[in-house]
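Student: Quick one: structure below, then a few questions.
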Amino acid sequence: MTGKAPFGRVLRRTRAANHRPLAEVGSIALLLTTLATTGCNAFTGLEDLEALTGAGGTADPGAVLVAADGVTITRVDIYQGPQIPLFGGPTFDIDLPVIVEREAVFRIYYKTTGDVAGNAVTARVTIGEDVTETPATLVEGTSTEGSLQSTINVTVPGEALKASSYRIDLLQPRAESSGTNKAASYPEGDAEAQEDMTVTNTGSTLKLKLIPVQYDADGSGRLPDTSEGQLQIYRNALYRMYPIPEVEVTVGDPFPWDVPIGPGGGGWDQLLDAIREHRAQSGAAPDEYYYGVFTPTETFGEFCGGGCTAGLGFVAGPGDGGMRAAIGVGFPGEGSAETCAHEVGHNHGREHAPCGTFGSNDPEFPEDAAHVEAEIGRIAYDLVNGGIIPATHKDFMSYCEPTFVSDHNYRKLAERMQQVSGFADYTPPPGFPSGDWGQVTLFSDGSLKRGATVKVSRPPTGVPRDVDVATHSGNQRVTGYFFPFDHLPGGILLYPPTENVREVAFDWAGQRHVAK
Ligand SMILES: [Zn+2]
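If you want the working numbering, it's the 1-based position in the sequence shown plus 873.
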C-alpha cells in the first residue's frame, strides 16, 4: 500500500519563536537583512527564522513561511491506530488518549476558498515546542474521511510527540501569499496559541521474548521460524495495534520439548505451563512477555487442515508478572504473528470480543451498532502498512477476520500498559504476604501438579479461591487466586507462602480439586 505519509522534517524551535505572530515573520526577516552586519545575537528570533525558513541564515524574505491563502482548516484527526478526532470530527462514547512518544499521523481536513488547487503548501504540526513540517499540494473541494488523498497527512515521529497541546498551520512562502488568512491555522488567532489534547504515557517499550520450542515429539527436533524477517512480522503485528512507542522482539535459547502437541488442544496446557515456569526461572523482568513458538508439523496446512488451536495464554492481571506467558504456532508468515498478538492480548487482561468465539466473552465489550459482531467501532490508520482500516474490521480478540484493534481494546490496552509500566515503584498494601507463593497447575484433563514456588510481591488479580492447605503441623485455609487458561479448561492456582505442604485443595468449575 502506498498511503503512508512521508516523515516530516522535525525542527526543535526555541520558545522565542512562539512569541511572534506569524504575520510578522516576514517583516522581521526584512529587518534582518539590514541588521545582520551589526551582530545577530542582539536580535531575538534569528535562530528561529533560520530554522523556519531552512535558509541557513541567508534569510531570503520571500521564502519566509506565512499563512497560506485560499484554504480553511475544517477538522483535524490524529491516528496512532484508531481514529481520534481532535476538532471538527465525530464524537464517540469511548475517549482515546494520545500516546506520548508513539508515532502519529495528523490528518488535516480543509476546504479551498479560491482558485488554489495545485498550490504547494507546507503543513506544520507543532506539539509543545516540537515542530514537524511536511510539503503538500492542495486539492480542490472539501476533504472526506474515506479519502487519504483529500486530506493533508503529516506523520509526526514519536520524538516530536511529548506535550499535551498542539497547533496546525498551513503555510506558503511570503512571496506567494498575503499571510493574512487566519483560517489556515488551528487554533485561529494568536499565533502562539495551542489547543489541549489528552495524552497518556504507557511506558516506552512492549518487550516480547520469543522462546523457540525445539519440537522433538516426532523425532524431528524442528525449530520455528525466528529469522530476522519473521521477527519483523511479529514486531509489526504488535506495533500496529498496541498503544506503545516501541515493540522489542528478542529470541531466547531453544527450549527442548518432546510431548506431542495436537491441533485439538492436546499437550498445549503442558507446554504453556513449562514456558511459564521457564519464564519464572529465567529472572524475566515484570513487564516482559514470554511467547513460546513451535511447529508440530512441516506446514501450517498440515497441522491446521481440519481447524486447530493456534495459541494459548493466560488472562493476566496488571500485577501478575508471572502469568505473562503464552504459546502459539511458529510457522512463517503473518498468521503466526496475528496469533501472537491475540495471545499477548490475553496476557494484557483482554478477554474475547464477541465474534466466532465459544464460551464467555469480554463483558465490557460495547454493544452498540458500531461494535456489532466485534467490529472495531471507528476507522483506524495502519502505521505499519499505511492506509485507512475500515470500521468494519473485527477486533483482534475475536475469532473473525480481517482484524484490527477496536477502540475499546485500544483504550483497555493503554490502561493496562500504564499500570504495568507504573509498577516500578510499587509497594504492596500493609500485611500483604509477599514472598514465595505455592502453585498448582490444573491441566485440561483434570490432572494436577504442584509446581515450584514463585515470587509474588503484589496482590494477584486472578479469581479469588478459598484454598485448604494441609501441612505437617495442621490444616489452614488461605485465599489463593486462580488464573484460567484462555482457550482450554484448567489453569494455575497461586496461594500464599506456606511451609511443609502435604496437600492443596480448592474448588474450580464446580469441582473439588486436591493436589498431593
Ligand atoms: Zn483467545
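Just so you know, even glycine gets a beta-carbon here, dropped at the ideal spot from N, CA and C.
Under 7 angstroms: does the beta carbon of D1359 sit that close to some heavy atom of ligand 1?
Tutor: Answer for D1359: yes, Cβ within range of ligand 1.
Student: Should H1225 be counted as a contact of ligand 1 given a C-beta to heavy atom distance under 7 angstroms?
Tutor: Because some heavy atom of ligand 1 lies under 7 angstroms away, the Cβ of H1225 counts as near it: yes.
Student: Verify whether the separation of the beta carbon atoms of L1011 and A990 is less than 8 angstroms.
Tutor: Cβ distance < 8 angstroms, so L1011 and A990 count as in contact.
Student: Taking the alpha-carbon positions, what's the F1356 to I957 distance?
Tutor: So the two alpha carbons sit approximately 34 angstroms from each other.
Student: Which of the three DSSP states, helix, strand or coil, is assigned to A902?
Tutor: With a pLDDT of only 31 at A902, under the threshold of 50, the placement of this residue in the model should not be trusted, and no figure is reported.
Student: Between the beta-carbon of F1167 and the beta-carbon of I1134, is there less than 8 angstroms?
Tutor: Yes, they are a contact pair.
Student: Within the chosen definition, does the stretch 1098-1114 reach the stretch 1063-1072 through at least 3 CB pairs nearer than 8 angstroms?
Tutor: Taking 8 angstroms as the limit for Cβ pairs, the verdict is that the stretch 1063-1072 does not touch the stretch 1098-1114.
Student: Assign G1186 to buried or exposed, taking buried as 16 or more other Cβ atoms, counted over all protein chains shown, within 10 Å of its Cβ.
Tutor: When all chains shown are included, G1186 counts as buried.
Student: Run the CB neighbour count on Q1022, radius 10 Å, all protein chains shown included, and call it buried at 16 or more, exposed below.
Tutor: Exposed, by the Cβ-count rule.
Student: Tell me whether the stretch 1318-1329 and the stretch 998-1013 touch, counting them as touching only if at least three CB pairs, one residue from each stretch, are closer than 8 angstroms.
Tutor: Output reads no: the stretch 998-1013 does not touch the stretch 1318-1329.
Student: Does the stretch 1018-1036 come within contact of the stretch 975-988, defined as at least 3 CB pairs closer than 8 angstroms?
Tutor: With the cut-off at 8 angstroms, the stretch 1018-1036 and the stretch 975-988 touch.
Student: So what's K1285 in DSSP terms, helix, strand or just coil?
Tutor: In the structure shown, K1285 sits in a helix (DSSP, three-state: H, G or I).
Student: Just reading off the beta strand (DSSP E) that L959 is part of, what are its end residues?
Tutor: Segment Q956 to F960, the beta strand (DSSP E) holding L959.
Student: Assuming G1201 is part of the beta strand (DSSP E), what are its boundary residues?
Tutor: Where G1201 is concerned, the enclosing beta strand (DSSP E) stretches over A1198 to V1202.
Student: Whole angstroms are fine: how far does the CA of P1097 sit from the CA of P1085?
Tutor: Cα-Cα distance, rounded: 6 angstroms.
Student: Report, in whole angstroms, the separation of the C-beta atoms of Y1368 and G1324, which I expect to be a contact under 8 angstroms.
Tutor: With a Cβ gap of about 12 angstroms, Y1368 and G1324 do not count as contacting.
Student: May I ask you to report which of helix, strand or coil DSSP gives Q1022?
Tutor: Of the three classes helix, strand and coil, the one that applies to Q1022 here is helix, per DSSP.
Student: Which one of T1314, G1260, I1252 and D1193 has the shortest CA to CA distance from P1301?
Tutor: Ranking the options by Cα distance to P1301, first place goes to D1193.
Student: Quick one: does the C-beta of H1219 sit closer than 7 angstroms to a heavy atom of ligand 1?
Tutor: The answer is yes for H1219.
Student: Pick out whichever of G1347, D933 and N1234 has its Cα sitting closest to the Cα of R1047.
Tutor: Measuring from the Cα of R1047, the nearest candidate turns out to be D933.
Student: Use the C-beta contact count for V1387: other C-beta atoms within 10 angstroms, 16 or more gives buried, fewer gives exposed.
Tutor: Classification of V1387: exposed, given that the 10 Å Cβ count is below 16.
Student: Would A1264 pass as a contact of A1247 if the rule is Cβ separation under 8 angstroms?
Tutor: Their beta carbons are not under 8 angstroms apart, which means A1264 does not touch A1247 by this criterion.
Student: Taking the straight line between their C-alpha atoms, what separation do you get for S1093 and L1111?
Tutor: Approximately 30 angstroms between the Cα atoms of the pair.
Student: Going along the chain, which unbroken runs of the alpha helix (DSSP H) with 4 or more residues stay wholly within the stretch 1221-1309?
Tutor: Taking only runs of at least 4 residues, the alpha helix (DSSP H) segments lying wholly in the stretch 1221-1309 are 1280-1294.
Student: Is the Cβ-Cβ distance between T1075 and S1294 less than 8 angstroms?
Tutor: Yes, they are a contact pair.
Student: Anyone know if the C-beta pair for F1379 and L1366 falls short of 8 angstroms?
Tutor: Cβ distance < 8 angstroms, so F1379 and L1366 count as in contact.
Student: Which word fits V1202, buried or exposed, when buried means at least 16 other C-beta atoms lie within 10 angstroms of its C-beta?
Tutor: Result: buried.
Student: Do V1217 and Y1254 count as a contact pair if the criterion is CB distance below 8 angstroms?
Tutor: Taking 8 angstroms as the Cβ cut-off, Y1254 and V1217 do not qualify as a contacting pair.
Student: Can you tell me which of the three DSSP states D950 falls into?
Tutor: Strand, per DSSP.
Student: Thinking C-alpha only, which one of S1016, R1375 and V939 is nearest D950?
Tutor: Residue S1016 is the option with its Cα nearest to D950.
Student: Please report the residue range of the alpha helix (DSSP H) in which I1148 lies.
Tutor: Taken as a continuous stretch (DSSP letters only), the alpha helix (DSSP H) holding I1148 covers W1141 to Q1154.
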